[in-house]
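S.K.:
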Amino acid sequence: MEPMRTCVSLLLVAWLVVPAQAQTPISDPPSWADEAVWYQIFVERFRNGDPDNDPTPEDILGFWFGPQPENWATTPWTHDWYKQENWALENEMEFYTAVQYRRYGGDLQGVLDKLDYLKELGVTALYLNPINDAPSLHKFDARNYRHVDRNFGPDPVGDRQIAEVEDPLDPDTWQWTAADSLFLKLIKEVHARDMRIILDYSWNHTGVRFWAWEDVLENQQASVFADWYEINAFDNPATPDTNEFSYDGWLGVKSLPELAKIDVPPDHVHGAHEGNLHPGPKAHVYNVTRRWLDPNGDGNPEDGLDGFRLDVAEMVPLGFWRDYREFVRSINPEVYLVGEVWWDSWPHHMADPVPWVQGDIFDAVMNYRWYMPTRSFFAQAPPNLTASGYVAHLDSIMAGIPTRFWNAMMNLAASHDTPRISTSLYNPVLYKYGQHPRGNPDFKVERPDARTRAIQELILVQQFTWSGAPHIWNGDEMGMWGGDDPDVRKPLLWSDYTFEDELTHPLGQERRHDVVAADLQLTGLYRELIALRKANMRLFVDGETKWLTVDDDRRVLVYERRLEDEYALVVFNASDDTHEVTIPKGTYRQVYPTGSVVTTATLSLPTLTARVYLSRSETTNDQQ
Numbered sequence: 029m030e031p032m033r034t035c036v037s038l039l040l041v042a043w044l045v046v047p048a049q050a051q052t053p054i055s056d057p058p059s060w061a062d063e064a065v066w067y068q069i070f071v072e073r074f075r076n077g078d079p080d081n082d083p084t085p086e087d088i089l090g091f092w093f094g095p096q097p098e099n100w101a102t103t104p105w106t107h108d109w110y111k112q113e114n115w116a117l118e119n120e121m122e123f124y125t126a127v128q129y130r131r132y133g134g135d136l137q138g139v140l141d142k143l144d145y146l147k148e149l150g151v152t153a154l155y156l157n158p159i160n161d162a163p164s165l166h167k168f169d170a171r172n173y174r175h176v177d178r179n180f181g182p183d184p185v186g187d188r189q190i191a192e193v194e195d196p197l198d199p200d201t202w203q204w205t206a207a208d209s210l211f212l213k214l215i216k217e218v219h220a221r222d223m224r225i226i227l228d229y230s231w232n233h234t235g236v237r238f239w240a241w242e243d244v245l246e247n248q249q250a251s252v253f254a255d256w257y258e259i260n261a262f263d264n265p266a267t268p269d270t271n272e273f274s275y276d277g278w279l280g281v282k283s284l285p286e287l288a289k290i291d292v293p294p295d296h297v298h299g300a301h302e303g304n305l306h307p308g309p310k311a312h313v314y315n316v317t318r319r320w321l322d323p324n325g326d327g328n329p330e331d332g333l334d335g336f337r338l339d340v341a342e343m344v345p346l347g348f349w350r351d352y353r354e355f356v357r358s359i360n361p362e363v364y365l366v367g368e369v370w371w372d373s374w375p376h377h378m379a380d381p382v383p384w385v386q387g388d389i390f391d392a393v394m395n396y397r398w399y400m401p402t403r404s405f406f407a408q409a410p411p412n413l414t415a416s417g418y419v420a421h422l423d424s425i426m427a428g429i430p431t432r433f434w435n436a437m438m439n440l441a442a443s444h445d446t447p448r449i450s451t452s453l454y455n456p457v458l459y460k461y462g463q464h465p466r467g468n469p470d471f472k473v474e475r476p477d478a479r480t481r482a483i484q485e486l487i488l489v490q491q492f493t494w495s496g497a498p499h500i501w502n503g504d505e506m507g508m509w510g511g512d513d514p515d516v517r518k519p520l521l522w523s524d525y526t527f528e529d530e531l532t533h534p535l536g537q538e539r540r541h542d543v544v545a546a547d548l549q550l551t552g553l554y555r556e557l558i559a560l561r562k563a564n565m566r567l568f569v570d571g572e573t574k575w576l577t578v579d580d581d582r583r584v585l586v587y588e589r590r591l592e593d594e595y596a597l598v599v600f601n602a603s604d605d606t607h608e609v610t611i612p613k614g615t616y617r618q619v620y621p622t623g624s625v626v627t628t629a630t631l632s633l634p635t636l637t638a639r640v641y642l643s644r645s646e647t648t649n650d651q652q
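To convert, count from 1 in the sequence shown and add 28; that's this note's numbering.
1) Quick check for students: name the residue ranges of the alpha helix (DSSP H) that lie wholly in the segment 104 to 169, counting only runs of 4 or more.
2) Classify Q249 as buried or exposed, calling it buried when 16 or more other Cβ atoms lie within 10 Å of its own Cβ.
3) What residue range is occupied by the uninterrupted alpha helix (DSSP H) comprising G347?
4) Report buried or exposed for S424, applying the criterion of at least 16 other Cβ atoms within 10 angstroms of its Cβ.
5) Could you pull the start and end residues of the alpha helix (DSSP H) that L548 belongs to?
6) For P53, which three-state DSSP category applies?
7) Whose C-beta lies closer than 6 Å to the C-beta of W56 among residues of the same chain, with five residues either side of it excluded?
8) Helix, strand or coil for N439 per DSSP?
9) In whole angstroms, what separates the C-alpha of P163 from that of P612?
10) Rounded C-beta distance between I500 and D331? I'm assuming under 8 Å.
11) Per DSSP, what kind of secondary structure is S209 in: helix, strand or coil?
12) Rounding to the nearest angstrom, what Cα-Cα distance links R350 and D388 in this structure?
13) What does the alpha-carbon distance come out to for the pair S624 and R617?
14) Using CA coordinates, which residue listed in E538, D445, N564 and N232 is at the minimum distance from D515?
15) Can you tell me the Cα-Cα spacing of T125 and G280, whole angstroms?
16) To the nearest angstrom, how far is the alpha carbon of R224 from that of V363?
17) Pull up the CB-CB distance for G327 and D291, whole angstroms please, since I reckon it's below 8 Å.
18) Specify, as a first and last residue, the run of the alpha helix (DSSP H) that N315 falls within.
19) The beta strand (DSSP E) that contains H607, what's its start and end?
20) Is it buried or exposed, T637, if we count other Cβ atoms within 10 angstroms and call 16 or more buried?
21) Where does V46 fall in DSSP's three states?
22) Measuring CB to CB, does R337 end up less than 9 Å from L197?
23) Between S452 and V569, is the Cβ-Cβ spacing less than 9 Å?
24) For D243 and R353, I'd like the C-alpha separation in whole angstroms.
25) Is I429 helix, strand or coil by DSSP?
26) Going by CA-CA distance only, name the one from L146, L576, S209 and P465 that's closest to R539.
27) E286 and N247 - do their beta-carbons sit closer together than 9 Å?
28) Give the range of the alpha helix (DSSP H) segment to which W241 is assigned.
29) With DSSP as the reference, identify every bridge partner of K574, one or two as the case may be.
30) Pull up the CB-CB distance for L413 and P323, whole angstroms please, since I reckon it's below 8 Å.
31) Quick check on L633: does DSSP put it in helix, strand or coil?
32) Thinking C-beta only, is D276 closer than 9 Å to E258?
33) If we require 4 or more residues per run, which alpha helix (DSSP H) segments fall completely within the segment 246 to 276?
34) Contact between the segment 447 to 461 and the segment 477 to 496: three or more CB pairs below 8 Å?
35) Would you kindly work out how many angstroms separate the C-alpha atoms of S643 and A482, rounded to a whole number?
36) Please identify the residue among V340, W370 and A478 whose C-alpha is closest to the C-alpha of T234.
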């Protein structure tokens with residue numbers, strides 16, 4: 029630990045030094061953000077491209093305070109999701125404990141292998157969940173921030189040895205591990221396909237295997253890093269039979285110790301608040317950030333990341349985020365910052381993101397506030413919005429947000445922290461409440477039915493014709509199903525695998541047997557909607573929105589998007605009956621689903637149907 033002590037005072041202020049040639053940070057989202065089609069990748073469950081780097085028991089040690097299961101092994105990619113492995117049965121572990129120990133071996137090579145699939149789907153921007161070195165499957169419990177997880181690259185043993193000889197505080201000692209180098213290759217290959225890539229980090233907390241935290245545990249108040257964390261009391265050596273050590277973990281989770289904040293108002297309880305991150309971890313965060321924004325340090329950020337998704341952003345003070353924006357924009361003015369700003373009071377009220385999207389902090393937030401009312405209307409989930417209630421809700425969540433930031437929002441229907449869109453619609457209970465069998469014994473775990481699929485299509489049409497950048501959680505386009513975490517994190521359904529049928533229920537209940545395979549028809553639907561948006565991008569980004577029909581009784585909605593000479597009509601019948609729908613007189617081409625020229629002012633819409641029309645004279649050439 030001595031090298032850390034010798035350089036700590038210099039590095040604490042390193043973040044204050046900004047290169048003279050740095051450009052002035054700008055207050056607008058990057059120019060590419062509003063045209064993004066996002067695809068979120070959870071690397072451990074995306075694809076196993078290199079079985080030789082699969083985790084070992086030593087690699088996962090420390091993510092959980094419980095004992096390590098004996099005879100643990102990675103789980104086959106094609107395994108029946110709820111079926112217990114032999115090691116779980118031998119250790120008498122119930123499913124929702126055992127599943128946290130599961131590893132399937134997904135890695136960066138698997139992502140590289142499927143870049144062309146993503147490009148062909150129409151994706152233009154990748155958002156990767158954390159890939160920093162960590163023992164858990166989700167990687168929010170960092171062992172260190174500066175390196176890619178050892179099991180995501182080709183040489184886990186060699187990568188661990190490299191990390192062990194570095195001084196974590198001194199960037200001049202940091203080397204590029206094999207996993208780091210593979211990630212740099214991924215960035216290069218993504219950019220070669222005219223795509224963008226951002227990375228998920230939590231600057232709010234680390235894991236208990238993090239190097240600074242381990243030093244605190246060993247040295248207590250004598251640690252160089254004693255003030256890096258939110259510690260309430262150190263152990264008193266005068267009372268050897270009692271351990272008084274006490275600290276704050278994220279939401280009380282002790283395996284995720286919180287980094288220290290300063291200058292926070294004493295009356296702060298929750299939500300947006302002033303203050304900053306402690307200078308020690310702040311300097312380290314800046315050094316890690318610089319490493320990935322400009323990997324070769326030549327002042328040209330083309331070889332680096334295009335942005336960051338920032339975890340539990342409302343728990344980190346606004347002062348830090350303002351400083352952080354200025355710092356990243358000094359390296360690359362086109363960096364995109366999207367914050368996780370979610371609940372005000374779960375599960376009924378989501379936080380208003382206005383304080384974070386005014387030009388001095390984030391470019392966007394993860395826009396769960398779009399999906400919650402959209403699901404409520406189309407799936408008739410609590411609070412069961414009417415058509416007019418839905419329109420009013422959409423208007424309300426846009427209030428106070430400048431248009432340029434609303435257009436850059438990440439509009440998502442599912443993520444690693446929610447049920448999959450299909451299962452969310454199939455179980456129309458309160459959003460993010462009782463959406464898994466552990467919390468709701470009546471929860472339906474089987475493949476959703478045809479009616480659910482029709483409702484999902486309505487929501488996708490709305491998502492891809494609305495303002496805000498559409499987001500796809502990996503596997504949703506394959507027709508995957510699953511409840512809230514952990515069931516949303518099943519391995520992806522690649523066609524070169526033959527999967528076991530899902531036969532098992534986590535609570536031992538009877539269930540329907542489901543064949544597990546990708547739904548290629550649904551994949552085609554996603555591809556078609558992405559192509560429609562990209563062919564008419566500025567219309568769906570900048571076009572003025574006007575509601576033409578808002579019919580509560582018949583559950584019919586019609587809105588237009590208009591931009592100069594471009595004009596689109598988006599029509600929904602969200603009811604269980606066929607309805608006649610009136611649209612303005614004109615000549616239109618039906619572009620979703622692809623159809624013929626329409627000249628009538630009255631349309632007949634079957635149950636649970638969406639249509640998109642463009643005025644014929646303004647239809648793009650490749651749609652005619």
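Glycine included, each C-beta is placed from N, C-alpha and C at the ideal position.
M.R.: Here's the rundown:
1) Whole alpha helix (DSSP H) segments, 4+ residues: 114 to 118, 123 to 129, 136 to 141 and 143 to 149.
2) The residue is exposed, with fewer than 16 neighbouring Cβ atoms inside 10 Å.
3) Looking at the DSSP string, the run of the alpha helix (DSSP H) that includes G347 is L346 to I359.
4) Within a 10 Å sphere around the beta-carbon of S424 sit fewer than 16 other beta-carbons, which makes this residue exposed.
5) That run of the alpha helix (DSSP H) goes L548 to A563.
6) Because P53 sits at a pLDDT of 44, beneath the cut-off of 50, its placement in the model cannot be relied upon, and the point is left open.
7) Strictly speaking, residue 56 in this sequence is Asp, with Trp absent from that position. Excluding the 5 residues flanking it on each side, D56 has same chain C-beta neighbours closer than 6 Å at R432, in chain order.
8) Three-state DSSP puts N439 in a strand.
9) Spanning the two alpha carbons is a distance of roughly 58 Å.
10) With 8 Å as the limit, I500 and D331 do not qualify as a contact, their Cβ atoms being about 26 Å apart.
11) If DSSP states are grouped into helix, strand and coil, S209 belongs with the helices.
12) The alpha-carbon atoms of R350 and D388 are separated by roughly 6 Å.
13) Each residue's Cα considered, the two are about 6 Å apart.
14) Ranking the options by Cα distance to D515, first place goes to D445.
15) Spanning the two alpha carbons is a distance of roughly 18 Å.
16) One Cα belongs to R224, the other to V363, and the distance between them is close to 10 Å.
17) Actually they are not in contact, since the Cβ atoms of G327 and D291 sit about 32 Å apart, beyond 8 Å.
18) Segment P307 to L321, the alpha helix (DSSP H) holding N315.
19) Counting along the chain, the beta strand (DSSP E) containing H607 begins and ends at H607 to T610.
20) For T637, the number of other beta carbons within 10 angstroms of its own is at least 16, and it is reported as buried.
21) Because V46 carries a pLDDT of 38, less than 50, the predicted location of this residue cannot be relied on, and the following value inherits that uncertainty. Coil.
22) Cβ distance not < 9 Å, so R337 and L197 don't count as in contact.
23) No, Cβ-Cβ distance for S452 and V569 is not below 9 Å.
24) In a straight line, the C-alpha of D243 is about 30 Å away from that of R353.
25) I429 sits in coil when the DSSP states are folded into three classes, being neither helix nor strand.
26) For the residues L146, L576, S209 and P465, the minimum Cα distance to R539 belongs to P465.
27) At least 9 Å separates the beta-carbon of N247 from that of E286.
28) Start and end: W239 to N247.
29) As computed with DSSP, K574 is found in a beta bridge with E588.
30) Contact doesn't hold; Cβ gap of about 47 Å is too wide.
31) Looking at L633 - three-state DSSP - the assignment turns out to be strand.
32) It is a contact, given that the beta carbons lie within the stated cut-off.
33) Within the segment 246 to 276, no run of alpha helix (DSSP H) reaches 4 residues while sitting entirely inside it.
34) With a cut-off of 8 Å, the segment 477 to 496 and the segment 447 to 461 count as touching, because enough Cβ pairs lie within range.
35) So the alpha carbons of these two residues sit roughly 26 Å apart.
36) Of the candidates V340, W370 and A478, the residue whose Cα lies closest to the Cα of T234 is V340.
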